[in-house]
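Chemist: After the structure tokens below, expect a handful of questions from me.
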Amino acid sequence: MSSIAVHEVGSRGEGPYSVAITDDGAVWCTLVHAGAVVRAVPGRPGAAGTDARLPFERTQVSVASGVGPMQSSQVVAAGEDTVWVSDTGGDALVLVGPAGVVRRIDVPTPEAQPFGIASQADGTAWFTELGRDALGHIDLFGRVTEFPSGTDEGFVSMIASSGESLWFTANQANAIGYIRGGDSAVQLFEIPTPHSGPVGIVVGDDGAAWFTEILAGAVGRVDRQGKFTEHPLPWPESKPHALCVDPAGGFWVTLWGANELAHLDVDGTVELIDLAPSGHEEPHGLAVDASGTVWVAMETGALLAVAR
87 MSSIAVHEVG
97 SRGEGPYSVA
107 ITDDGAVWCT
117 LVHAGAVVRA
127 VPGRPGAAGT
137 DARLPFERTQ
147 VSVASGVGPM
157 QSSQVVAAGE
167 DTVWVSDTGG
177 DALVLVGPAG
187 VVRRIDVPTP
197 EAQPFGIASQ
207 ADGTAWFTEL
217 GRDALGHIDL
227 FGRVTEFPSG
237 TDEGFVSMIA
247 SSGESLWFTA
257 NQANAIGYIR
267 GGDSAVQLFE
277 IPTPHSGPVG
287 IVVGDDGAAW
297 FTEILAGAVG
307 RVDRQGKFTE
317 HPLPWPESKP
327 HALCVDPAGG
337 FWVTLWGANE
347 LAHLDVDGTV
357 ELIDLAPSGH
367 EEPHGLAVDA
377 SGTVWVAMET
387 GALLAVAR
């Protein structure tokens with residue numbers, strides 16, 4: 087039986103949204119409507135490491151510029167103790183550490199609306215632009231280069247990387263984009279199910295991309311040749327939103343419409359965990375820590391630590 091620990095990190099109006107875990111063990115969570123990111127240090131050190139059930143220390147850092155709407159969307163680990171945060175409303179990517187904002191990088195194109203981020207091992211990062219059908223790249227000097235995504239009003243959303251290769255979801259184009267390492271040409275693979283609404287995306291151990299179909303109630307897989315496999319979830323209206331790789335095998339998926347956490351094996355076998363006992367709703371981002379605990383952002387105001 088799974089256990090769920092509830093940590094209040096914001097209000098319904100602030101909206102905990104995306105989650106990342108850095109190598110120092112800190113759990114980071116964006117407050118999408120507050121223009122901020124929370125850094126939490128769970129539990130206390132002990133013989134078995136930290137205990138996610140215990141209260142944690144938390145600090146909140148504002149990443150909003152004060153220009154445009156406050157919308158701190160995605161967070162991804164950048165280094166041992168730093169993260170990238172997309173300030174979607176302020177058209178910027180913000181590097182944040184334990185002491186606060188380290189660096190703010192403005193996107194040259196107005197109203198680009200940077201959203202998804204993929205951090206690279208060499209210190210660079212890629213990101214999507216919701217408002218401009220484009221992808222962006224930040225080099226080590228903070229210079230931004232922008233590239234067309236190949237879509238027209240495709241609502242380019244989340245992005246993931248494997249080595250030098252990139253994958254991204256084009257929500258309104260019903261497609262998955264692929265850029266092979268060393269080749270700037272974008273390949274767009276159309277999802278077999280019409281109007282499936284792809285959102286979250288990760289790269290599996292097999293090098294293929296796995297993604298959620300929020301409007302079709304399914305999780306899909308596509309390889310480098312554009313071959314698709316789709317795994318329907320038990321409830322078509324479950325609205326799968328985000329997913330992450332489970333180091334123990336398979337994937338964890340948040341089901342926004344069902345208020346559940348799903349574990350999906352590579353063969354399509356699904357295990358469901360009801361999140362209603364937490365007293366919160368609207369699960370979005372998630373990440374797995376070194377102990378195997380799944381941290382889930384609930385937009386109604388909490389971070390959940392779920393132990394399988």
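Numbering (our numbering), first residue to last: 87 to 394. Backbone N, C-alpha and C define an ideal beta-carbon position, used for all residues, glycine too.
Have a look at the DSSP bridge pairing and note the partners of Ile300.
Modeler: None, per the DSSP bridge assignment.
Chemist: Does the distance from the C-beta atom of Thr340 to that of Ala328 stay below 8 angstroms?
Modeler: Yes.
Chemist: For Arg218, count the other beta carbons within 10 Å of its own beta carbon; 16 or more makes it buried, fewer makes it exposed. Which is it?
Modeler: It counts as buried.
Chemist: Threshold first: 4 residues or longer. Then list the alpha helix (DSSP H) segments lying entirely within the stretch 243-288, N to C.
Modeler: Segments of the alpha helix (DSSP H) lying fully in the stretch 243-288: there are none.
Chemist: Ala178 and Ser151 - do their beta-carbons sit closer together than 8 angstroms?
Modeler: Yes, these two residues count as a Cβ contact at 8 angstroms.
Chemist: Could you tell me the alpha carbon to alpha carbon distance between Val124 and Gly387, rounded to whole angstroms?
Modeler: Cα to Cα, the separation comes out at about 12 angstroms.
Chemist: Between which two residues does the beta strand (DSSP E) containing Leu390 stretch?
Modeler: Element bounds for Leu390: 388-393.
Chemist: Grouping DSSP H, G and I as helix and E and B as strand, with all else coil, what is Glu385?
Modeler: DSSP places Glu385 in coil when its eight states are reduced to three.
Chemist: From the DSSP secondary-structure annotation, give me the bridge partner or partners of Phe233.
Modeler: Bridge partners of Phe233: Leu221.
Chemist: Shortest alpha-carbon distance to Phe223 belongs to which of Thr210, Leu216, His370?
Modeler: In the sequence on display, residue 223 carries His and not Phe. Answer by Cα proximity: Thr210.
Chemist: Relative to the alpha-carbon of Gly228, which residue among Pro194, Ala348, Leu117, Lys325 has its alpha-carbon at the smallest distance?
Modeler: Closest option to Gly228, Cα to Cα, is Pro194.
Chemist: Beta carbon of Leu358, beta carbon of Pro369: below 8 angstroms?
Modeler: Against a cut-off of 8 angstroms, the Cβ pair of Pro369 and Leu358 comes out as no contact.
Chemist: Flag this pair as yes or no: are the beta carbons of Gly236 and Glu250 separated by less than 8 angstroms?
Modeler: No. Outside cutoff.
Chemist: If you count every other CB in all the chains shown that lies within 10 Å of the CB of Gln311, and 16 or more means buried, which is it?
Modeler: Exposed: under 16 other Cβ atoms inside 10 Å.
Chemist: Tell me whether the beta-carbon of Phe213 lies closer than 8 angstroms to the beta-carbon of Ser172.
Modeler: Contact: yes.
Chemist: Return the chain-ordered list of same chain residues with a C-beta closer than 6 angstroms to the C-beta of Pro322, the five sequence neighbours on each side being excluded.
Modeler: So the qualifying residues of the chain are Gly303.
Chemist: Using a Cβ-Cβ cutoff of less than 7 angstroms, which residues in the same chain neighbour Ala106 once the five nearest sequence positions on both sides are dropped?
Modeler: So the list reads Trp114, Val161, Val162, Ala163, Val169, Ala373, once near-sequence residues are dropped.
Chemist: What number of angstroms, rounded off, separates the C-alpha of Ala394 from the C-alpha of Val153?
Modeler: Here residue 394 turns out to be Arg, not Ala, going by the sequence shown. In a straight line, the C-alpha of Arg394 is about 42 angstroms away from that of Val153.
Chemist: Among Val95, Gly306, Leu252, which residue has its Cα nearest to the Cα of Ala142?
Modeler: Sequence check: residue 142 is Phe here, not Ala. If we check each option's Cα against that of Phe142, Val95 comes out closest.
Chemist: Please list the segments of the beta strand (DSSP E) lying wholly inside the stretch 136-223, counting only runs of 3 or more residues, in order along the chain.
Modeler: Complete beta strand (DSSP E) runs here, min 3: 143-148, 158-163, 169-173, 178-183, 186-192, 200-205, 211-215.
Chemist: Taking the continuous beta strand (DSSP E) assigned at Thr58, which residues delimit it?
Modeler: Coverage of the chain is limited to positions 87 through 394, which leaves residue 58 absent and any answer about it impossible.
Chemist: If you draw a straight line from the C-alpha of Pro128 to the C-alpha of Ala112, how long is it?
Modeler: Approximately 7 angstroms between the Cα atoms of the pair.
Chemist: Report the three-state DSSP secondary structure of Ser89 (helix, strand or coil).
Modeler: Three-state DSSP puts Ser89 in a strand.
Chemist: Alpha carbons only, please: which of Val308, Ala246, Pro196 is nearest the one belonging to Cys330?
Modeler: Taking only the C-alpha atoms, the option nearest Cys330 is Ala246.
Chemist: Quick check on this structure: which residue in Gly371, Pro363, Gly165, Glu367 has the alpha carbon closest to the alpha carbon of Val89?
Modeler: The sequence given here has Ser at residue 89, not Val. The option with the nearest alpha carbon to Ser89 is Pro363.
Chemist: Once the 5 residues before and after Gly121 are set aside, which same chain residues still bring their CB inside 8 angstroms of it?
Modeler: Excluding sequence neighbours, Gly121 sits near Ser148, Val149, Ala150, Met156, Gln157, Ser158, Asp173, Gly175, Gly176.
Chemist: Starting from Ser104, trace the beta strand (DSSP E) both ways and give me its first and last residue.
Modeler: Element bounds for Ser104: 102-107.
Chemist: Is it buried or exposed, Leu181, if we count other Cβ atoms within 10 angstroms and call 16 or more buried?
Modeler: Buried, because 16 or more other Cβ atoms sit within 10 Å of the Cβ of Leu181.
Chemist: My output table needs one value for Pro326: the three-state DSSP class, helix, strand or coil.
Modeler: Strand, per DSSP.
Chemist: Provide the residue span of the beta strand (DSSP E) that contains Thr340, from first to last.
Modeler: Its beta strand (DSSP E) spans residues 337-341.
Chemist: For Leu274, which residues in the same chain have their Cβ closer than 6 angstroms to its Cβ, ignoring the five residues on either side in sequence?
Modeler: If we look at Leu274 and ignore the five residues flanking it on each side, its Cβ neighbours are Gly236, Ala261, Gly263.
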